[in-house]
Amino acid sequence: MSKTIRLTMAQALTRFLSRQMTEIDGKKMPIFGGVWAIFGHGNVAGIGEALYQVRNELPTFRAHNEQAMAHAAIAYAKANFRSRFMAATSSIGPGALNMVTAAALAHVNRLPVLFLPGDVFANRIPDPVLQQAEDFSDGTATVNDCFRPVSRYFDRITRPEQIIPALSRAMQVLTDPADCGPVTLSLCQDVQAEAYDYPESFFAERVWHQRRPRPDRHELAAAVAALKGAKKPLIIAGGGVLYSQASYELAKFAGGAGVPVCETQGGKSSLPDDHPLNMAAVGVTGTSAANRLAEEADVVLAIGTRLQDFTTGSWALFKNSGKTIIGLNVQPFDAGKHRALPLVADAAEGLAELGAALKGWKAPAAWTDNAAKGKEAWQADAAKVTASTNAASPSDAQVIGAVQRAMGSGVTLLHAAGGLPGELHKLWQAGAPGSYHAEYGFSTMGYEIAGGLGTKMAKPGEEVVVMIGDGSYLMLNSEIATSVMLGLKLTIVLLDNRGYGCINRLQMATGGANFNNLLKDSRHEILPDIDFAAHAASMGAISEKVPSIAGLENALRKAKTNDRTTVLVIDTDPLVSTDAGGHWWDVAVPEVSARPQVNAARKAYDEKRQMQSVGD
């Protein structure tokens, strides 16, 4: 009979989490960086008390918004290249539902996070309990069922011993490179407090290592043959390159074979911007250098990418009818997309074996030289649009230029939704791997500040710069106060174009009238005049509204020496975006309209759709 220890389910859960370890650069450390918690009646007595007991081994962090704290946890995992992660716990009802958006974000981006929402009573005696949403036809349904489609693994714990297999399965998913994503363990609140005699062996320390599957020999042979026959090969580096920490292998492979590289939003910073073979961004928000090569490429080695529509220009970018795509990906679902030759493997292992099998092979020199000339031309275009200006309301690109000049490439730059992702993807000059942190898989407004907080927790010694629009700021800004409270300094650059400028431009481009996006075009009695600097200051930040690009650069230099989070606000033009680079994106335009502008846009749309490679 094995030794047992009597604990509540919640105590068993927190003790188990505190004993899970990982190894980074030869140093053993806890795999969980902590637990984000907002307590309510559904978790304060059970898991709240249990977290208190392990607070020295498993720190608990308090936030102001459940969605935001989950964003912070997800950003922490992303900044750690999935080698470490966090958990997030809420009460039942609205607290739990607030985390569902974050769960979807983690699901899309293949990022590990453990959700621990409270749930109704398993015994159903206090029925309905406060905040319970009743289903008239299903007594087992709760709001936590909303997590099911956006979790890689979901379990509802209705007996205390069920936590044993559930936690084992949770760790397998959180650490699996292919199935990695959010795990939800829905914790019935009475069961959190119930005791059970748990085997002591369940709490033995375990060290988890990143699995690195190597390629199948048949798939490797097919990929090698395709590359050997290529006249115009191109590499697309996705987020999987960074998750695998395969930047060295990518640089070695590309440099040895002379193959140009372009990067997705998730893959940007896989190579430093100044690497001679890095053509930078590809796709809808791509550079002219990268997109020209993508149009001509006969073999595309897609590494660690989902090949979503922004990367492929809605499948109109790759114009070579005889092209072959090689999908080097740890997840077979992604490796075989669009009739690709699958090469199912870890990015680093796959690149190493490709390099060994292709030793001595090089892309035609004319192709590599042509790529270099294209990069030089793009750099000249980018320098023009990011140059300093005296304009009262500069463009996003000009603000990006100011941040780049003042802060350099040594910072970690973070952003998410709106117009900034497109401009930053093209124009930001990233340095070290992971220094460009974009949430553009789910494009979640409100991720930025909370994500910056989680990134700073993962990189406490680095400067973290958050760029955010006024729309995202107004959606979710509460974790400025948390960053000040925790002593985690961020530099936040807030671009105020008085509305949803990106979608307003899209509305105009598809023939629509200016409607309900910019504040001035929305129904109003009085136009808002929001003092963002004063608002940020009220949460404890150092803040300033700067009058110009020169003023922004000066303020950014001062922000480096500030002792806490700094928010710098600048007015920008909502109508200007960078014309250089880019590609068409499929946004359906109405077939019939009373407005001639929409009919004209539909005609242009139908013409553009002819470029799409249906079935590829």
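For the sequence shown, UniProt numbering assigns the number 1 to the initial residue and increments by one for each residue that follows.
Beta carbons are placed, not taken as given, at the ideal position from N, Cα and C, and that holds for glycine.
Can you list the beta strand (DSSP E) stretches of 3 or more residues lying completely in the UniProt domain "Thiamine pyrophosphate enzyme central" (220 to 354), in chain order? 233 to 237, 261 to 263, 278 to 281, 299 to 303, 324 to 329, 341 to 344
Leaving out the 5 sequence neighbours to the left and right, which residues in its chain are closer than 6 Å to T566 when beta-carbon positions are compared? For this step, residue 566 is matched to residue 566 along the sequence shown. These residues qualify, in order along the chain: T491, I542, A559.
Three-state class that DSSP yields for G419 in the structure shown: Locating residue 419 in the sequence shown gives position 419, counting from the first residue. Coil.
Residue from G452, G239, P528, L427 whose Cα sits closest to the Cα of L111: On the sequence shown, residue 111 is found 111 positions in, with the first residue counted as 1. Ranking the options by Cα distance to L111, first place goes to G239.
CB of E439 within 8 Å of CB of I468, strictly: On the sequence shown, position 439 is the one that residue 439 refers to. On the sequence shown, position 468 is the one that residue 468 refers to. Cβ distance not < 8 Å, so E439 and I468 don't count as in contact.
Segments assigned beta strand (DSSP E), at least 3 residues, entirely inside the region 29 to 111: 32 to 37, 60 to 62, 85 to 90
Whole beta strand (DSSP E) elements within the region 450 to 485, 3-residue minimum: 464 to 469
Report yes or no: do three or more beta-carbon pairs, one from the region 274 to 294 and one from the region 374 to 382, lie closer than 8 Å? yes
Cutoff 6 Å; reference I47; Cβ partners in own chain excluding five residues on either side: The count along the sequence shown starts at 1 and reaches residue 47 at position 47. Result list for I47: A10, T89, Q192, in chain order.
Pull up the distance between the alpha-carbon of D274 and that of W428, whole angstroms please. By one-based count along the sequence shown, residue 274 stands at place 274. By one-based count along the sequence shown, residue 428 stands at place 428. Their Cα atoms are separated by approximately 11 Å.
As a quick exercise: from I326, V614, D179, I503, pick the residue whose alpha carbon is nearest that of S443. Within the sequence shown, numbered from 1, the residue matching residue 443 stands at position 443. The residue with the shortest Cα to Cα distance from S443 is I503.
Which stretch, first to last residue, makes up the alpha helix (DSSP H) that contains G118? Residue 118 sits at position 118 when you count from the first residue of the sequence shown. No alpha helix (DSSP H) holds G118; the beta strand (DSSP E) holding it covers 113 to 119.
If we count the other Cβ atoms within 10 Å of its Cβ and call it buried at 16 or more, is V477 buried or exposed? As a first step, residue 477 must be located in the sequence shown, where it is residue number 477. Looking at the sequence shown, residue 477 is not Val but Asn. Classification of N477: buried, given that the 10 Å Cβ count is 16 or more.
Confirm, please, whether the CB-CB distance from L58 to G34 is below 8 Å. On the sequence shown, residue 34 is found 34 positions in, with the first residue counted as 1. On the sequence shown, residue 58 is found 58 positions in, with the first residue counted as 1. Against a cut-off of 8 Å, the Cβ pair of L58 and G34 comes out as a contact.
Integer Cβ distance of Y436 from L413, believed to fall under 8 Å: Here residue 436 corresponds to residue number 436 of the sequence shown, with the count starting at 1. Here residue 413 corresponds to residue number 413 of the sequence shown, with the count starting at 1. That pair is a contact at about 6 Å.
In this structure, does DSSP put L130 in helix, strand or coil? Position 130 of the sequence shown, counted from the first residue, corresponds to residue 130. The answer is coil: DSSP assigns L130 none of H, G, I, E or B.
Out of L187, E200, R211, which one is the CA nearest neighbour of C180? The count along the sequence shown starts at 1 and reaches residue 180 at position 180. When only C-alpha atoms are compared, the closest one is R211.
Tell me R211's beta-bridge partners as DSSP assigns them. For the purposes of this step, residue 211 is taken as residue 211 along the sequence shown, with counting starting at 1. Partner(s): none; R211 has no beta bridge.
Start and end of the alpha helix (DSSP H) containing V569? Position 569 of the sequence shown, counted from the start, is the residue given in the question as residue 569. That residue, V569, is in no alpha helix (DSSP H); its beta strand (DSSP E) goes 566 to 571.
Nearest to A432 by CA position, among A417, A450, E463, G422, is which residue? Here the question's residue 432 lines up with position 432 in the sequence shown. When each option's Cα is compared against that of A432, the closest is E463.
Which class does P177 belong to by DSSP, given the choice of helix, strand or coil? Taking the sequence shown and counting its residues from 1, the one referred to as residue 177 is at position 177. Three-state DSSP puts P177 in coil, outside helix and strand.
Minimum length 3: unbroken beta strand (DSSP E) runs contained in the region 362 to 434: 412 to 415
Would you check if the distance between the CB atom of residue 694 and the CB atom of G540 is smaller than 8 Å? Past the boundaries of the shown model lies residue 694; the chain is included only from 1 to 616, so the question cannot be answered.
So, at 7 Å on beta carbons, what are the nonlocal neighbours of I163 in its own chain, with the 5 sequence-adjacent residues on each side left out? As a working mapping, residue 163 is identified with position 163 in the sequence shown. Result list for I163: M9, A12, L13, I157, in chain order.
For the 8 Å Cβ check, are there 3 or more pairs between the region 187 to 202 and the region 329 to 348? no
Classify T444 as helix, strand or coil using the three-state DSSP reduction. Position 444 of the sequence shown, counted from the start, is the residue given in the question as residue 444. Three-state result, T444: coil.
Helix, strand or coil at H437 [DSSP, three-state]: Taking the first residue of the sequence shown as position 1, residue 437 is located at position 437. If DSSP states are grouped into helix, strand and coil, H437 belongs with the strands.
Residues near A458 in its chain [Cβ-Cβ closer than 7 Å; skip 5 each side]: The residue you call residue 458 lines up with position 458 of the sequence shown. The residues are Y76, A79, N80.
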